[in-house]
Structure formats: structure tokens, C-alpha cells
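The numbering of the sequence shown is our numbering, which starts it at 27 and goes up by one. Glycine included, C-beta positions come from ideal geometry on N, C-alpha and C. The next block holds one structure in the form of C-alpha cells; read it before the comments.
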Amino acid sequence: MYLKTEVGESIVLFCTGVSHLCKPDAVIASNTLRLSISDVAERVIVKERVIGLRFLFPVYYIPEVEIKLGSETSAATLEKVRVLLERMGKTIFFRSGEEPLILSEDQREERKNARLEQIKITSGVDFHLSNGIPTLSHKGNVAPVQDDIRRLNSVEIDHDCAICLDRLRDCLLQPCHHMVTCYNCASLLINRRDGCPICRQNITEIIRVYHS
27 MYLKTEVGES IVLFCTGVSH LCKPDAVIAS NTLRLSISDV AERVIVKERV
77 IGLRFLFPVY YIPEVEIKLG SETSAATLEK VRVLLERMGK TIFFRSGEEP
127 LILSEDQREE RKNARLEQIK ITSGVDFHLS NGIPTLSHKG NVAPVQDDIR
177 RLNSVEIDHD CAICLDRLRD CLLQPCHHMV TCYNCASLLI NRRDGCPICR
227 QNITEIIRVY HS
């Protein structure tokens, strides 16, 4: 269940109602910019399943998704969301501080160009971004060519470091065994005594992984 709203008491009441109607293991995610996820989950049944989840605009070529945890958000909820987003070709990152990440026009343009370059490399054909409405498809039709390109490209995105978004993921974090960052960024995390970006466990060791 994904909630798109920013009205304080309204979102709390809505989440409360939704939590009574959906399955106990359903994840309830909100894209709120300012509200505390803990406050949103205050009256929800099974508070552990509430999480902040905000796609960065424009969604179709920005791979990053901002994650914000509540005080009771469980590791199982975070893992479920991570797996779903990585299947979509997205990369999660945790909000740093209270302010949400808002990309500038230059940052959006940089990511768009990087996205187009990835598509060209992956597909082996020239590709031009259309300014029109994206073609939509469903299981009853043959998928458009850009859908095939997007699926191929998602494999590449999954290999990017979740912190710098530049280098490949080339290390395992111990003891959680998550492979989510490059070695340089992992070294920064352990030096600052920060936890794993996925599960927030303390990092005791970094194991370098070499890709063939």
C-alpha cells in the first residue's frame, strides 16, 4: 500500500483505516516529505510495517529512491521493500537528516544523460528520449522495445554503489553480508562508524569482491 499525501492528521487517520483493511504483512509506505514516519505509524496496526518511500522526480530515469524509517520499522519490512525496488531497477538510499533530497535541474539532467548512455551501451542501438507520454503496456500486448531496454538496463543499475551511484558494488559488509556499496564508500562508513545502508547493523569488517 503506497500513500501519496502530505496532510498531517489526514494521513495518520488514513493509515489507521488502511491498516485495519489490509493483510497484517502488507507494507504501508508513505511519500511524505516532512512528517515523521513514527507519527504516521502511531495508530497503525503492526507499526513495524510502516516506512517512508519517496521516488525522485522524474521517476522514469532517476534510479534513486529515498527511504525513511520509523522508530519501529522492522528489518523485514526494509528487506521486502529493497527487494521490490531492486526488481524495478531502483537503488535505495537513506535520508540524511530531516531535509528530503531535492535534485536540481543540473542534477536531473546529469542523471538523464547517464541513463541514456546506459541504455545505448546495454541495447547496442541508438536511442532518443521522447518528449511525449511514455508508451504503456500490459500483459495482453507485446511489450514495447523500450520495456525490453528498461529490463536489461535494470541489471546494470543493481550493480551501482547505493551511496556514490558511480562505482560498482565490490564488497561485502560483515556481519550482515549485504553487498550494496563500493569498497571506497564502505571504508567511509566503517571509519565513521555508520551502519549498513540496508539493515543498519554495525559494520565490523569489509570483504573486497573482484568482478570478472
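Reduced DSSP category for residue i - H, G, I as helix; E, B as strand; rest coil
{"i": "residue 56", "result": "strand"}
{"i": "residue 88", "result": "coil"}
{"i": "residue 226", "result": "coil"}
{"i": "residue 231", "result": "strand"}
{"i": "residue 76", "result": "strand"}
{"i": "residue 95", "result": "strand"}
{"i": "residue 127", "result": "coil"}
{"i": "residue 68", "result": "coil"}
{"i": "residue 46", "result": "helix"}
{"i": "residue 132", "result": "helix"}
{"i": "residue 213", "result": "helix"}
{"i": "residue 162", "result": "Below a pLDDT of 50, predicted positions are generally treated as unreliable, and residue 162, at 46, falls in that range; the measurement from the model is reported next regardless. Three-state DSSP puts residue 162 in coil, outside helix and strand."}
{"i": "residue 111", "result": "helix"}
{"i": "residue 39", "result": "helix"}
{"i": "residue 61", "result": "coil"}
Whole-angstrom distance between residue j and residue i, CA atom to CA atom
{"i": "residue 199", "j": "residue 104", "result": "17 Å"}
{"i": "residue 82", "j": "residue 201", "result": "31 Å"}
{"i": "residue 138", "j": "residue 147", "result": "14 Å"}
{"i": "residue 207", "j": "residue 144", "result": "19 Å"}
{"i": "residue 98", "j": "residue 60", "result": "18 Å"}
{"i": "residue 65", "j": "residue 237", "result": "43 Å"}
{"i": "residue 212", "j": "residue 46", "result": "40 Å"}
{"i": "residue 179", "j": "residue 87", "result": "Because residue 179 sits at a pLDDT of 46, beneath the cut-off of 50, its placement in the model cannot be relied upon, and the point is left open."}
{"i": "residue 93", "j": "residue 221", "result": "15 Å"}
{"i": "residue 186", "j": "residue 195", "result": "6 Å"}
{"i": "residue 233", "j": "residue 197", "result": "5 Å"}
{"i": "residue 216", "j": "residue 95", "result": "21 Å"}
{"i": "residue 131", "j": "residue 84", "result": "11 Å"}
{"i": "residue 80", "j": "residue 231", "result": "31 Å"}
{"i": "residue 123", "j": "residue 218", "result": "16 Å"}
{"i": "residue 112", "j": "residue 128", "result": "21 Å"}
{"i": "residue 235", "j": "residue 114", "result": "24 Å"}
{"i": "residue 133", "j": "residue 63", "result": "27 Å"}
{"i": "residue 223", "j": "residue 135", "result": "26 Å"}
{"i": "residue 39", "j": "residue 126", "result": "23 Å"}
{"i": "residue 55", "j": "residue 78", "result": "5 Å"}
Cβ-Cβ separation, residue j to residue i (assumed contact under 8 Å), whole Å
{"i": "residue 58", "j": "residue 90", "result": "Not quite, the Cβ-Cβ distance comes to about 17 Å (not below 8 Å), so this is no contact."}
{"i": "residue 48", "j": "residue 76", "result": "About 12 Å separates the two Cβ atoms, so there is no contact after all."}
{"i": "residue 53", "j": "residue 109", "result": "No, residue 53 and residue 109 are not in contact; Cβ-Cβ is about 11 Å, not under 8 Å."}
{"i": "residue 67", "j": "residue 119", "result": "At roughly 21 Å, the Cβ-Cβ gap does not stay under 8 Å, so residue 67 and residue 119 are not in contact."}
Beta-bridge pairing of residue i - partner residues as DSSP gives them
{"i": "residue 221", "result": "228"}
{"i": "residue 118", "result": "91"}
{"i": "residue 194", "result": "186"}
{"i": "residue 199", "result": "204 and 232"}
{"i": "residue 83", "result": "None; residue 83 has no bridge partner."}
The ligand NAD heavy atom lying under 8 Å from the CB of residue i
{"i": "residue 57", "result": "Of ligands this structure carries none, so the ligand NAD is not represented either."}
Own chain residues within Cβ distance below 7 Å of residue i, not counting five before or after
{"i": "residue 43", "result": "none"}
{"i": "residue 15", "result": "Limits of the chain in this structure are 27 at one end and 238 at the other, which puts residue 15 out of reach."}
{"i": "residue 228", "result": "221"}
Contact set for residue i: own chain, Cβ-Cβ below 8 Å, skip 5 residues either direction
{"i": "residue 225", "result": "101, 104, 105, 202 and 204"}
{"i": "residue 74", "result": "98, 99, 100, 102 and 103"}
Residues near residue i in its chain [Cβ-Cβ closer than 6 Å; skip 5 each side]
{"i": "residue 50", "result": "72"}
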